[in-house]
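Protein chains in written order, with the working numbering: chain A, 1 to 388; chain B, 1 to 226.
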């Protein structure tokens, strides 16, 4: 049999182009179901891990998938906002610790997660370099974001300008980077984190500007006893500094300030049931269990994987038929060679073995190619959650 | 004691499945060391005769004894062993494997027969190639060789095992006169040197004087070959 294997290898290497084409066919066919499994396992793993450590999420009524994907994985979604009053209501229920989130703003296309320090405790986030944000206008970068942006503690970064043509809107905020978080392997690595009050500065509902008493007369439109109306030409501060920090303030009712959602950590299973029942019965808010939402999402993915497996099976059968056709044609083209081998003393079994080994070489090489590609895929930083 | 012929056919008839009678030989013998040419018109069964003697085909009737063995009584493995170790075959179209080098083509039968002593294979091939004047071409593939060189490689493949019987099926049919002469010289010299018997099918009547005996296949059906 070693002679047959040798002859098969010589033939395969002589017809390298044909052999590589067949190897590629087998490789791609084997890679498809493998890739589906690798990706769905990665997808499942990263989704479940995050969902498992987030007991409940509250947000505006609408798609529960969008709510969970936005609050847990910071995926962009056009969700209606809730208010600080909703957060206060949840917090004052005494049933759960409520951590407000505002993720409506970005910096260099990366989400700015505005949240109090409780969030860092929940996710066990700690500063690998520098410190966590201390005041409005401070940000701490996720590990991957810092690496990608090439920034670190002491640097500054602007928020993305949302309105280029409306000067009445809040300008881009120059934020001070106080630290970089240790890597977690999760979505937190990709973001910037700031205090919740920073969100309202970004929103424009909080701002800082020069003392009304010191506004130049040219910018003063009207002046009453306790009220000064200034021109729109007077620009808000776009950076929080030690000197202007005290001037930052909000107008109107603080309870109306916007939030994207709230993470809830109930004190007990009973509290979890009560808070869900209480708020889901009302019209305004919805409280969802991320684990259940993710299970539902993964169920869809598994159904899709079943479909992909069925397709891969069809492709596999077609490829097997193609290879059989190539083998049959090859046997016909090589009829003289077969006869010569027989005449010089090779058995029919040996000749069949030559063809068998050629196919085996193709199948094994194809499987190796698929395995290698699968391993590369498993090691690659491709995150399917990002595509959602 | 009389020496047994290397080839003895008696009352042999052969027809391909579903075909008319292809070959009928009443009697034919080739003595050890005898150099025999076989002529006959196209379709007279010359190639079939070679195949019957080599055990590639089995006669429908009659007896074919090659190198003292009744070919039809041998197992498939026995027939292959006979061809591989004791018979050298040369074909008109050379029948070299295009994807192997000259060296690999020469040693092909041994490799497929399970011979694993690479050094012995190499030595045998080099010796045969040097005798054929193609020692410097062993690393080349058939498409890099001339027709004459290809046939020499095919000769080396047939002769490298020092066979007791050399069967040639129009080995010079595709060669120019100069190459024909060189190949025939080589074959006859090798046969004489090793004492091998040889049966060469040919259409080239100019070559016949160089053989000990000439068999006309058309006459064999009448028992004229012995």
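By construction, the Cβ of each residue, glycine as well, lies at the ideal position given by its N, Cα and C atoms.
As the structure is a computational prediction, the values presented were derived from the model and not from experiment.
Identity of the residues DSSP links to residue 114 (chain A) by a beta bridge:
For the purposes of this step, residue 114 (chain A) is taken as the residue at position 114 of the first chain. Under DSSP, residue 114 (chain A) forms a beta bridge with A:102 and A:194.
Positions along the region 154–168 of chain B whose CB lies within less than 9 Å of some CB in chain A
The residues in question are 157 and 158.
Label residue 94 (chain B) either buried or exposed according to how many other C-beta atoms from any shown protein chain fall within 10 Å of its C-beta, with 16 as the threshold for buried.
As a working mapping, residue 94 (chain B) is identified with position 94 in the second chain. Buried: at least 16 other Cβ atoms inside 10 Å.
Nearest to residue 24 (chain B) (by Cα), restricted to the options B:33, B:48 and B:4:
As a first step, residue 24 (chain B) must be located in the second chain, where it is residue number 24. Distances from the CA of residue 24 (chain B) to each of B:33, B:48 and B:4 were compared; the closest alpha carbon is that of B:48.
When you compare the CB of residue 340 (chain A) with every CB in chain B, is at least one pair closer than 7 Å?
Position 340 of the first chain, counted from the first residue, corresponds to residue 340 (chain A). Answer yes: the Cβ-Cβ gap between residue 340 (chain A) and chain B drops below 7 Å somewhere.
Counting only C-beta atoms, is residue 1 (chain B) closer than 7 Å to chain A at any point?
Numbered from its first residue, the second chain carries residue 1 (chain B) at position 1. Since pLDDT at residue 1 (chain B) reaches only 47, below the 50 mark, its modelled position is unreliable, and no value is offered.
Of all the options A:44, A:21, A:160 and A:2, which has the alpha carbon lying nearest to the alpha carbon of residue 299 (chain A)?
Looking up residue 299 (chain A) in the first chain gives position 299. Of all alpha-carbon atoms in A:44, A:21, A:160 and A:2, the one lying nearest the alpha-carbon of residue 299 (chain A) is that of A:44.
Same chain, Cβ closer than 7 Å to residue 60 (chain B), five either side skipped, listed in chain order:
The sequence position of residue 60 (chain B) within the second chain is 60, counting from 1. The residues are 13, 14 and 15.
Taking 7 Å as the CB-CB cut-off, is residue 16 (chain B) touching chain A?
Against the second chain, residue 16 (chain B) aligns to sequence position 16. By the rule that beta-carbons nearer than 7 Å mark a contact, residue 16 (chain B) does not touch chain A.
For residue 6 (chain A), return the contacting residues in chain D, with the cut-off set at a CB-CB distance below 8 Å.
Reference to chain D is not applicable here, since the protein chains of this structure are A and B.
Here's a check: name, in chain order, each residue in its chain whose Cβ is nearer than 6 Å to the Cβ of residue 19 (chain A), leaving out the five neighbours to either side.
Translated into positions along the first chain, residue 19 (chain A) becomes position 19. So the list reads 12, once near-sequence residues are dropped.
Between the region 258–276 of chain A and the region 57–64 of chain A, are three or more C-beta pairs nearer than 8 Å?
Yes, since at least three Cβ pairs between the region 258–276 of chain A and the region 57–64 of chain A fall closer than 8 Å, the two stretches touch.
What is the DSSP secondary structure of residue 226 (chain B), counted as helix, strand or coil?
Taking the first residue of the second chain as 1, we reach residue 226 (chain B) at position 226. Reliability fails at residue 226 (chain B), whose pLDDT of 42 lies under 50, so the model's placement of it is uncertain and no value is given.
So the candidates are A:92, A:159, A:330 and A:128; which of them puts its Cα closest to the Cα of residue 152 (chain A)?
Here residue 152 (chain A) is taken as the residue at index 152 of the first chain, counted from 1. In this structure, A:128 is the residue among A:92, A:159, A:330 and A:128 with its C-alpha nearest to the C-alpha of residue 152 (chain A).
With a 10 Å radius around its C-beta and 16 neighbouring C-beta atoms as the bar for buried, classify residue 110 (chain B) as buried or exposed.
By 1-based counting over the second chain, the position of residue 110 (chain B) is 110. Counting other Cβ atoms within 10 Å of its Cβ, residue 110 (chain B) reaches 16 or more and is therefore classed as buried.
Examine chain A for any beta-carbon lying closer than 7 Å to the beta-carbon of residue 201 (chain B), and answer yes or no.
The sequence position of residue 201 (chain B) within the second chain is 201, counting from 1. Not a single C-beta of chain A is nearer than 7 Å to the C-beta of residue 201 (chain B).
Check the Cβ-Cβ distances between residue 319 (chain A) and every residue of chain B, and say whether any is below 7 Å.
Taking the first chain and counting its residues from 1, one reaches residue 319 (chain A) at position 319. With its beta carbon at least 7 Å from every one in chain B, residue 319 (chain A) lies outside the interface.
Continuous beta strand (DSSP E) assignments of at least 3 residues falling wholly in the region 226–254 of chain A
With a minimum length of 3 residues, the continuous beta strand (DSSP E) runs that stay inside the region 226–254 of chain A are 228–230.
Is the Cβ-Cβ distance between residue 354 (chain A) and residue 22 (chain A) less than 7 Å?
On the first chain, position 354 is the one that residue 354 (chain A) refers to. On the first chain, position 22 is the one that residue 22 (chain A) refers to. Result no, Cβ atoms of residue 354 (chain A) and residue 22 (chain A) do not sit closer than 7 Å.
How would you call residue 223 (chain B), buried or exposed, if buried means at least 16 neighbouring beta carbons within 10 angstroms?
Reading the second chain from its first residue, position 223 is the one you call residue 223 (chain B). Confidence in residue 223 (chain B) is poor, its pLDDT being 44 and thus under 50, which makes the residue's placement too unreliable to answer from.
Using 7 Å as the limit for Cβ to Cβ distance, is residue 400 (chain A) near chain B?
In the structure as shown, chain A begins at 1 and stops at 388. Residue 400 (chain A) is therefore absent and cannot be evaluated.
Name the one or two DSSP bridge partners that residue 263 (chain A) has.
Counting from 1 along the first chain, the entry for residue 263 (chain A) is found at position 263. For residue 263 (chain A), the pairing in a beta bridge is given by DSSP as A:57 and A:99.
Residue 272 (chain A) to residue 96 (chain A) span [Cα, whole Å]:
Within the first chain, numbered from 1, the residue matching residue 272 (chain A) stands at position 272. Within the first chain, numbered from 1, the residue matching residue 96 (chain A) stands at position 96. Going from the Cα of residue 272 (chain A) to the Cα of residue 96 (chain A) covers about 8 Å.
Since I believe residue 171 (chain B) is in contact with residue 200 (chain B) (beta carbons under 8 Å), could you give me their beta-carbon distance rounded to a whole number of angstroms?
As a working note, residue 200 (chain B) is residue 200 in the second chain. As a working note, residue 171 (chain B) is residue 171 in the second chain. Between the beta-carbon of residue 200 (chain B) and that of residue 171 (chain B) there is about 7 Å, and that keeps the pair under the 8 Å contact cut.
Are residue 99 (chain B) and residue 343 (chain A) touching if we call contact CB-CB under 7 Å?
By one-based count along the second chain, residue 99 (chain B) stands at place 99. By one-based count along the first chain, residue 343 (chain A) stands at place 343. No, Cβ-Cβ distance for residue 99 (chain B) and residue 343 (chain A) is not below 7 Å.
Comparing C-alpha positions only, which one of A:79, A:302 and A:120 sits nearest to residue 65 (chain A)?
Within the first chain, the letter at position 65 stands for residue 65 (chain A). It is A:79 whose Cα lies nearest to the Cα of residue 65 (chain A).
For residue 150 (chain B), is the classification buried or exposed, using 16 other Cβ atoms within 10 angstroms of its Cβ as the cut-off for buried?
The residue you call residue 150 (chain B) lines up with position 150 of the second chain. If you draw a 10 Å sphere on the C-beta of residue 150 (chain B), you find 16 or more other C-beta atoms in it, and that means buried.
Assuming the contact rule is C-beta atoms closer than 8 Å, residue 39 (chain B) and residue 216 (chain B) should be a hit. Round their C-beta distance to whole Å, please.
Position 39 of the second chain holds residue 39 (chain B). Position 216 of the second chain holds residue 216 (chain B). At roughly 6 Å, the Cβ-Cβ gap stays under 8 Å, so residue 39 (chain B) and residue 216 (chain B) are in contact.
I need the boundaries of the alpha helix (DSSP H) containing residue 284 (chain A), first residue and last residue.
As a working mapping, residue 284 (chain A) is identified with position 284 in the first chain. For residue 284 (chain A), there is no enclosing alpha helix (DSSP H), since its DSSP letter is neither H nor E.
Quick test of the definition: if touching needs 3 or more C-beta pairs under 8 Å, does the region 152–163 of chain A touch the region 80–94 of chain A?
The answer is no - the region 80–94 of chain A does not touch the region 152–163 of chain A, with fewer than three Cβ pairs under 8 Å.
From this set, A:363, A:141, A:156 and A:150, which residue's C-alpha is nearest residue 190 (chain A)'s C-alpha?
The sequence position of residue 190 (chain A) within the first chain is 190, counting from 1. Taking only the C-alpha atoms, the option nearest residue 190 (chain A) is A:141.
Chain-order list of residues whose beta-carbon lies under 8 Å from that of residue 286 (chain A) (same chain, five-residue window excluded)
Working through the first chain from its first residue, we reach residue 286 (chain A) at position 286. Taking C-beta separations shorter than 8 Å and ignoring five residues to either side along the sequence, the partners of residue 286 (chain A) in its chain run 58, 59, 60, 61, 62, 64, 67, 279 and 280, following chain order.
Looking at the unbroken beta strand (DSSP E) that takes in residue 26 (chain B), where does it start and where does it end?
Taking the first residue of the second chain as position 1, residue 26 (chain B) is located at position 26. Here the beta strand (DSSP E) through residue 26 (chain B) covers 21–30.
Identify every run of the alpha helix (DSSP H) within the region 11–80 of chain A, keeping only runs that are complete inside it and at least 4 residues long; order them along the chain.
For the region 11–80 of chain A, whole alpha helix (DSSP H) runs of length 4 or above, ordered along the chain, are 16–52 and 64–73.
Among all the DSSP beta bridges, which residues are the ones paired with residue 207 (chain A)?
On the first chain, residue 207 (chain A) is found 207 positions in, with the first residue counted as 1. For residue 207 (chain A), the beta-bridge partners assigned by DSSP are A:249.
What alpha helix (DSSP H) runs, 4 residues minimum, are completely inside the region 116–170 of chain A?
The qualifying runs are 118–122 and 143–149.
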